[in-house]
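Before any comments, here is the structure.
Residue numbers (this note's numbering): 334 to 490.
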């Protein structure tokens, strides 16, 4: 199976999050994401999960995966995969692209979408993407479970 070199623009769209100031948020069931991760909750969501969130302003290039419906605010991009690309695989791939090194603004760090779109890497066919994502996800689940166990043990100590 041949892996092809592709630009980010060929595998997904980076869509802008929406403005949702803290005073407008009503605590609810849906996580709200900023460039530094989850910043609160809200009663409404913008995107049906699962999804990928990428820091656009501030914490440039940080990559998050959310399984639930969520609300990405305007300091982020969210990823819309193009046909033939696995969302979970893209999550792992984006962690290797060095997006955090692509700061384009002096005062407030920023990730220019056009610069991100030009980043290229090798992508396998969809069945291989799914297999890789499945393996890495299984390890992530093990790590998450072990961290929960550690926390419980520390609380009991």
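All residues carry an ideal CB built from backbone N, CA and C; glycine is no exception.
The beta-carbon distance between residue 419 and residue 459, rounded to whole angstroms, is 6 Å. This is short enough to meet the 8 Å contact definition. When only Cα atoms are considered, residue 441 and residue 389 end up about 10 Å apart.
Of the residues assessed, residue 354 falls on the exposed side of the cut-off, its CB having fewer than 16 other CB atoms within 10 angstroms. Scanning its chain for C-beta atoms nearer than 7 Å, with the 5 sequence neighbours on each side dropped, one finds around residue 359 the residues 375 and 376, in chain order. Around residue 382, the same chain offers 399, 400, 401, 402 and 403 as residues with beta carbons nearer than 8 Å, after the five sequence neighbours per side are excluded. Less than 7 Å divides the Cβ of residue 338 from the Cβ of residue 453.
Under the 10 Å beta carbon count, residue 472 is surrounded by fewer than 16 other beta carbons and is classified as exposed. Assignment of residue 413 by DSSP, reduced to helix, strand and coil, places it in the strand class. Assignment of residue 418 by DSSP, reduced to helix, strand and coil, places it in the coil class. Burial check for residue 455: the Cβ neighbour count within 10 Å stays below 16, so the residue is exposed. Along the length of the segment 336 to 402, whole alpha helix (DSSP H) runs at least 4 residues long occupy 341 to 344, reported in chain order. Here residue 436 carries a strand assignment [DSSP, helix/strand/coil].
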